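A short worksheet on the structure shown next.
In our numbering, the protein residues as written are 343 to 921.
As structure tokens, this is what we get:
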């Protein structure tokens, strides 16, 4: 498309919007049909089904996005277990969000910037992968875009001192975003600041701020009241912030890799509930204090543990924050859902945009747009909020994702500016802008590269070969294939005890008892505080008929985990007098 045709195309706004939406939907449906598999990570559907069936999920309700949980409940009551319908709805909403980014870019910087921003967003394949997971991020992006769009729309009315009711709608949208992901509340004071900056009169500022706060309270207060009446505890929205803060700042946190409980992943495998770590963190907090802590007290416990670690290691904490900053803008995607990481590995070979292009051009665009800072204050604010969230917590792709639409707008501004310099034959500026973009792009790829490579090996071993490979084959009864995948996992991560455990179980089923025994002993060596190695070694000896050797290992497993029913049953069978 030539320059003249492009501008004529952009003049036809309905056609432009339709083309963006159809192209976005096409790209997303292509990824859905060619890359992804039937839904694997069922956290929200799991709890939505239980609520729909009249079950009380207890404290787990405090770990979940209220809006997204109840949206799942509603969908289940309408469509049953057809969860792929929700995934399709989410990529429809993601396509719709591309239209709002076009409209925001058009309002602030013009049609060309809006159009390029929408293209950047729809071609960022990793965004689609996260939209296809049953997680609430797509709604966060949509609500954030609506907030910015309504704020921009209200600017002219605000200048005239009219239509103050718009601020109630904006408050509702911030409330929706907050009950989807609570860190959206960080935007509320910035919206008030922007309002006071733009409003013509003191009286209008007071009225509009009051209406905004009422709008937020209308949606947040029912969740707060639910939490209080159910648990006799003041919890604004969710109670997982202390746990997540510890993940990002506790011992062992690297910015990408989280600080976890000892053997957390291994322990979680013994429970059916998805994402059981939330419950484990509360259990550990209560056990360590010896008190029946309320959920908010458990969150404060982990906040304080992380703060103690920071105070004891100030230089390391400062270095960690620098790393988080670079990881936020880095090209590498840190996925905390196994299937999404697998799909990310596939689309890396597709002709789609990596994050590094959006990030590097976005940084350049933010620099070039500084002389018009007030005009783009809202976009800077959104990027700043989610950068702050990553610095406080950690650099998972889902945590930085809400900044991407606004980074894409700045990236589009940078690209249009470079093109303008070329068109106007301003070759000196063209060289400077292009050179800066190349340096920034290289930085997104090569800064902290060795840490990224180390973490990627961990991701490959644990998410690809262990979880998505060996464990899936094991559940399907394909034990020889499972053995191959588990062996690949331990080749990449020789100290990964869960892979040795499942490898031993697979070999025991295949009647290769000698190798199975060796691997169960390796599990005990690597994870002596976990019951699984002792349990499986005891069961192996029982299977071989060596009951005298089986009993001590089963007793050890039971002493480490008194809730281990399998150890109880087999120990009772072998030696009833021990129980």
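Note that CB positions come from ideal geometry on N, CA and C, so glycine has one too.
Just so you know, these numbers come straight off a predicted model, no measurement behind them.
Close Cβ partners of residue 896 (< 6 Å) along its chain, the five nearest in sequence each way excluded: Start at 1 with the first residue of the chain shown, and residue 896 comes out as number 554. Result list for residue 896: 880, 909, 912 and 913, in chain order.
Touching by the beta-carbon criterion (3+ pairs, under 8 Å), the stretch 753 to 765 and the stretch 703 to 718: yes
Which of helix, strand or coil DSSP assigns to residue 708: Here residue 708 refers to the residue found at position 366 of the chain shown. The answer is helix: DSSP assigns residue 708 an H, G or I state.
Start-to-end residues for the alpha helix (DSSP H) that takes in residue 534: In the chain shown, counting from the first residue as 1, residue 534 sits at position 192. It spans 529 to 540 - the alpha helix (DSSP H) in which residue 534 sits, taken as one unbroken run.
Among 778, 660 and 726, the one whose alpha carbon lies nearest that of residue 699: Along the chain shown, one-based indexing puts residue 699 at 357. Nearest option by C-alpha distance: 778.
Where the alpha helix (DSSP H) containing residue 387 begins and where it ends: Here residue 387 refers to the residue found at position 45 when the chain shown is read from its first residue. Residue 387 -> alpha helix (DSSP H) spans 385 to 394.
Rounded separation between residue 534 and residue 904 - CA only: Locating residue 534 in the chain shown gives position 192, where the first residue counts as 1. Locating residue 904 in the chain shown gives position 562, where the first residue counts as 1. Distance between the alpha carbons of residue 534 and residue 904 is about 54 Å.
Inter-residue spacing [alpha-carbon to alpha-carbon] between residue 462 and residue 750: The residue given as residue 462 occupies position 120 in the chain shown. The residue given as residue 750 occupies position 408 in the chain shown. So the two alpha carbons sit approximately 6 Å from each other.
For residue 344, the three-state DSSP class (helix, strand or coil): Taking the first residue of the chain shown as position 1, residue 344 is located at position 2. Note that residue 344 has pLDDT 49, beneath the 50 cutoff, so the model's placement of it is unreliable and the number below is only indicative. Residue state, collapsed to three classes: coil.
Any 3 or more C-beta pairs closer than 8 Å across the stretch 614 to 630 and the stretch 759 to 774: They do not touch, by the three-pair rule.
Spatial distance of residue 365 from residue 474 (CA atoms): As a position in the chain shown, residue 365 is number 23, starting the count at 1. As a position in the chain shown, residue 474 is number 132, starting the count at 1. Using only the alpha carbons, I get a separation of about 17 Å.
Continuous alpha helix (DSSP H) assignments of at least 4 residues falling wholly in the stretch 468 to 525: 479 to 501 and 508 to 522
Closest by C-alpha distance to residue 800, when choosing among 629, 770, 693 and 836: The sequence position of residue 800 within the chain shown is 458, counting from 1. If we check each option's Cα against that of residue 800, 836 comes out closest.
Where residue 654 falls, given that 16 or more other Cβ within 10 Å makes a residue buried: Your numbering for residue 654 matches position 312 in the chain shown. So residue 654 counts as exposed.
Pair within 9 Å by beta-carbon distance, residue 551 and residue 537: On the chain shown, position 209 is the one that residue 551 refers to. On the chain shown, position 195 is the one that residue 537 refers to. Contact: yes.
Reference residue 819; option with closest CA among 848, 510, 417 and 841: The count along the chain shown starts at 1 and reaches residue 819 at position 477. Here the closest residue by C-alpha is 848.
Buried versus exposed, by CB contacts within 10 Å (16 or more), residue 717: Start at 1 with the first residue of the chain shown, and residue 717 comes out as number 375. Burial call: exposed.
Sequence-distant residues of the same chain with beta carbon closer than 8 Å to residue 524, five excluded per side: Residue 524 sits at position 182 when you count from the first residue of the chain shown. For residue 524, where only same-chain residues beyond five positions count, the Cβ hits under 8 Å are 578, 579, 580 and 583.
Pair within 9 Å by beta-carbon distance, residue 775 and residue 760: The residue given as residue 775 occupies position 433 in the chain shown. The residue given as residue 760 occupies position 418 in the chain shown. Yes, these two residues count as a Cβ contact at 9 Å.
Contacts around residue 367, its chain only, beta-carbon distance under 8 Å, and the 5 residues preceding and following it disregarded: Indexing the chain shown from 1 puts residue 367 at position 25. Within the same chain, residue 367 has close Cβ partners 433, 434 and 437.
Own chain, CB closer than 8 Å to residue 816, minus 5 neighbours either side, in chain order: Walking along the chain shown from the start, residue 816 turns up at place 474. Excluding residues within five positions, the ones whose Cβ falls inside 8 Å are 824, 844, 847 and 848.
Contact the stretch 866 to 875 vs the stretch 600 to 614: 3+ CB pairs below 8 Å: yes
Residue 818, DSSP secondary structure in three states: Reading the chain shown from its first residue, position 476 is the one you call residue 818. Reduced to three states, the DSSP call for residue 818 is coil.
Cβ-Cβ separation, residue 377 to residue 464 (assumed contact under 8 Å), whole Å: The count along the chain shown starts at 1 and reaches residue 464 at position 122. The count along the chain shown starts at 1 and reaches residue 377 at position 35. Going by Cβ atoms, the distance from residue 464 to residue 377 rounds to 16 Å, so no, they are not a contact pair.
Cβ pair count under 8 Å reaching 3, the stretch 480 to 492 against the stretch 502 to 518: yes
Residue 295 classed as buried or exposed, judged by whether at least 16 other C-beta atoms fall within 10 angstroms: Any question about residue 295 goes unanswered here, given that the chain covers just 343 to 921.
3 or more residues per run - each beta strand (DSSP E) lying fully within the stretch 619 to 697: Those beta strand (DSSP E) runs which fall completely within the stretch 619 to 697 and span 3+ residues do not exist here.
Beta-carbon contacts of residue 394 that lie in its chain and below 8 Å, excluding the five residues immediately before and after: Position 52 of the chain shown holds residue 394. Closer than 8 Å at Cβ, skipping near neighbours: 415, 418 and 419.
Unbroken alpha helix (DSSP H) run spanning residue 726, endpoints: Position 384 of the chain shown, counted from the start, is the residue given in the question as residue 726. Residues 719 to 734.
Environment of residue 657 [buried if 16+ CB atoms lie within 10 Å]: As a working note, residue 657 is residue 315 in the chain shown. Burial call: exposed.
Separation of residue 892 from residue 900, as counted between CA atoms: Indexing the chain shown from 1 puts residue 900 at position 558. Indexing the chain shown from 1 puts residue 892 at position 550. When rounded, the distance between both Cα atoms is 13 Å.
DSSP-derived helix/strand/coil call for residue 873: To locate residue 873, count along the chain shown from 1; it is residue 531. If DSSP states are grouped into helix, strand and coil, residue 873 belongs with the helices.
Distance CB(residue 689)-CB(residue 471) smaller than 9 Å: Taking the first residue of the chain shown as position 1, residue 689 is located at position 347. Taking the first residue of the chain shown as position 1, residue 471 is located at position 129. In contact: residue 689 and residue 471 (Cβ atoms closer than 9 Å).
Local conformation of residue 594 per DSSP, three classes: Here the question's residue 594 lines up with position 252 in the chain shown. Coil.
Those runs of the alpha helix (DSSP H) which lie wholly inside the stretch 767 to 791 and span at least 4 residues: 769 to 788
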